[in-house]
Amino acid sequence: MHEDPMHLIHVRVPKTAGTTLVEQVWPLMFTASERFHFEGRYSDKIAMKNSLDRIRSCELRNLRFIYGNGVYDLPIDLPYPVRYMAFFRDPYERALSLYYHYKYRRHPTPSREQEGILTESWDLPTFLEYLMQDNRGSQIARFVSYADAARLSPAAQLERGLKNIEKLNHIFLKEYFDDAIDYLSLTYRRARPEYERRNVGHTERQTAALTQRDRRAVERYFGPEIELYRKLEERHDRDVLAVLRKD
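Here the working numbering is used: the first residue of the sequence shown is 1, the next is one more, and so on.
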């Protein structure tokens, strides 16, 4: 299966191998003139406008690939059909990865910064409880349900999430990263890039060691995402693995 020219757009979800993709994979699969790093966010109107202006100044017929944090339903006319893709991750692993990201980079918690309390002193349940109290909502839930996800009930988050993932043409799972790259190389006739993934297996081992208290905390915070992930696994098996088995 090979596709005609089109614009492929990667919607980046936090903690889903985005660094490897941005730094190692995309630069080798797409030339500098073919790819565009979209840096705007819906919450940052100036950055959004600047990125859109830069896209419009590109030679759009040469552009093949757009990636970044604010590219879902990109408000710009492109000369080729558009396809959206995203990587997702097991919610238990993603919760741990998010926790360690803050803990080891020593990011101060926004609302408690003046008290001098850093997330490095918290365990996983305490960290997730802070996020729930701060009404942030799941980051994937915010992606699939847009910015008002935190105000929705878990059932409403799941319902809207299921509708919105249907808008994605390609769904990949971080747990099957190599399969995703194989699929993209095959489908879009790109040479398969060589890349090195770091810390592979570390979070998986940590996830296996989660206590019951840890798991209950993840399930409270990531409840809709856990349900959504089961649907994503079904679609990944149907759309990605089936194609690779044929080849």
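Using N, Cα and C, we set each Cβ at its ideal position, and we do this for glycine too. From a predicted model like this one, the values you see are computed outputs, not experimental measurements.
From the DSSP output, which residues share a beta bridge with residue i?
| i | result |
| --- | --- |
| Met132 | Answer by DSSP bridge pairing: none, since Met132 is not bridged. |
| His10 | Tyr67, Met85 |
| Ile171 | Ala86 |
| Arg35 | Phe65 |
Going by C-alpha distance, which of the options is nearest residue i?
| i | options | result |
| --- | --- | --- |
| Glu39 | Ala156, Val22, Leu28, Ser33 | Val22 |
| Arg245 | Leu128, Leu186, Arg213 | Leu186 |
| Glu283 | Glu225, Met6, Leu128 | Lying outside 1 to 247, the shown extent of the chain, residue 283 is not represented and no answer is given. |
| His7 | Arg83, Tyr92, Leu232 | Arg83 |
| Ala208 | Gly68, Arg94, Glu166, Met29 | Arg94 |
| His37 | Ala17, Thr16, Arg12, Arg61 | Arg12 |
| Lys242 | Arg64, Asp182, Ser121, Phe88 | It should be pointed out that residue 242 corresponds to Ala in this sequence rather than to Lys. Per the Cα distances, Asp182. |
| Val218 | Ala191, Arg190, Leu98 | Leu98 |
| Pro194 | Ala17, Leu63, Pro27 | Sequence inspection shows Glu at residue 194; the Pro mentioned does not correspond to that position. Among Ala17, Leu63, Pro27, the Cα nearest to that of Glu194 belongs to Pro27. |
| Thr211 | Thr16, Asp123, Asn62 | Asp123 |
| Glu129 | Arg56, Ile9, Arg215, Leu52 | Arg215 |
| Ala17 | Phe127, Phe88, Arg189, Val240 | Phe88 |
| Leu60 | Glu175, Tyr188, Tyr80 | Tyr80 |
Tell me whether residue i sits in a helix, a strand or coil according to DSSP, three-state version.
| i | result |
| --- | --- |
| Phe222 | coil |
| Arg245 | helix |
| Leu60 | coil |
| Arg197 | coil |
| Phe143 | Any reading at Phe143 needs caution, since the residue's pLDDT is 46, under 50, leaving its predicted position unreliable; the model's value is listed next. Looking at Phe143 - three-state DSSP - the assignment turns out to be helix. |
| Arg190 | coil |
| Pro79 | coil |
| Trp26 | helix |
| Lys103 | helix |
Per the contact definition of three or more C-beta pairs closer than 8 Å, is the stretch 167 to 174 in contact with the stretch 221 to 237?
-> In short, these stretches touch, since the Cβ pair count reaches three.
The stretch 195 to 205 touching the stretch 214 to 223, judged by at least three CB pairs closer than 8 Å = no
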